[in-house]
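Participant: One structure is given below, represented as structure tokens, and several questions about it will come after.
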Amino acid sequence: EAAHALSHKAGLAKRASVAAFDPETFTRKAKSADCVFSKEFMYTVKDKKEFLTSIEMIMKSRGQLLFTDYMVAEPHLRSKIIETWMDFEPNGAHPWAESDYRQILEDLHLDIRVVQDITDSFQKMVTGSWAAFVRGVQSGGIAPEMYPALGDEVELWARRMQAIEAGDLKVCRIHALKRDTDRLMAD
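My numbering numbers the first residue of the sequence shown as 1483 and each following residue consecutively.
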């Protein structure tokens, strides 16, 4: 709702509509999206094949899919560190490997343009953000009622970073295009 309000306030509601959804019951009009963007979200979706099939159906011809996500280093990897991380994720975790995403996107006939491991830059960003937070807390303090929530957040990020540092979890960016289906049908 907040993102939709910002889009509306900026005068972009019709050009760049923003809508929240439940990935398990996701439905939209076919061929209605120019671009679908997701940031560290798909790892929470149980049925990624069904979800990505729905995404492909709503994409317009030459539409774009761009997402970053947590991915296990190898297909079906379930090390002790990964299991611990998965158990601690508040919205559940059902991570895939990069190769799993490649396969489903190819099966959906999407043109994969970029698959990039961004783990190093992600790790630096997270570390830098926590350092900046600590500096802010040191200079201004923190309200005691925030302690429980803060403790949970610290624990969550510690588990994520532990899995990343072990090499079992990585963060990748994928960019794919829907082929020009209008032109293909005309040929």
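C-beta atoms are modelled at their ideal positions from N, C-alpha and C, and glycine is treated no differently.
Would you report the Cα separation of F1523 and A1625, rounded to the nearest angstrom?
Facilitator: To locate residue 1523, count along the sequence shown from 1; it is residue 41. To locate residue 1625, count along the sequence shown from 1; it is residue 143. Looking at the two C-alpha atoms, the distance is approximately 30 Å.
Participant: Suppose contacts are defined by Cβ-Cβ distances below 9 Å. Is A1658 in contact with L1651 by that definition?
Facilitator: Taking the first residue of the sequence shown as position 1, residue 1658 is located at position 176. Taking the first residue of the sequence shown as position 1, residue 1651 is located at position 169. The answer is no: Cβ separation not under 9 Å.
Participant: Using only the alpha-carbon positions, how far apart do R1510 and P1577 sit?
Facilitator: Start at 1 with the first residue of the sequence shown, and residue 1510 comes out as number 28. Start at 1 with the first residue of the sequence shown, and residue 1577 comes out as number 95. Each residue's Cα considered, the two are about 25 Å apart.
Participant: From this set, D1662, G1649, M1539 and M1541, which residue's C-alpha is nearest D1599's C-alpha?
Facilitator: Residue mapping note: residue 1599 aligns to position 117 of the sequence shown, counting from 1. When each option's Cα is compared against that of D1599, the closest is G1649.
Participant: So R1742 is in the beta strand (DSSP E); what residue range does that whole segment cover?
Facilitator: With the chain covering 1483 to 1669 only, the question about residue 1742 has no answer from this structure.
Participant: Classify T1550 as buried or exposed, calling it buried when 16 or more other Cβ atoms lie within 10 Å of its own Cβ.
Facilitator: In the sequence shown, residue 1550 corresponds to position 68, counting from 1. Classification of T1550: buried, given that the 10 Å Cβ count is 16 or more.
Participant: Which partner residues of Y1552 appear in the DSSP bridge assignment?
Facilitator: Along the sequence shown, one-based indexing puts residue 1552 at 70. In the DSSP output, where bridge partners are listed per residue, Y1552 has V1653.
Participant: What are the complete alpha helix (DSSP H) segments, minimum 4 residues, inside the segment 1525-1552?
Facilitator: The segment 1525-1552 contains these whole alpha helix (DSSP H) runs: 1530-1540.
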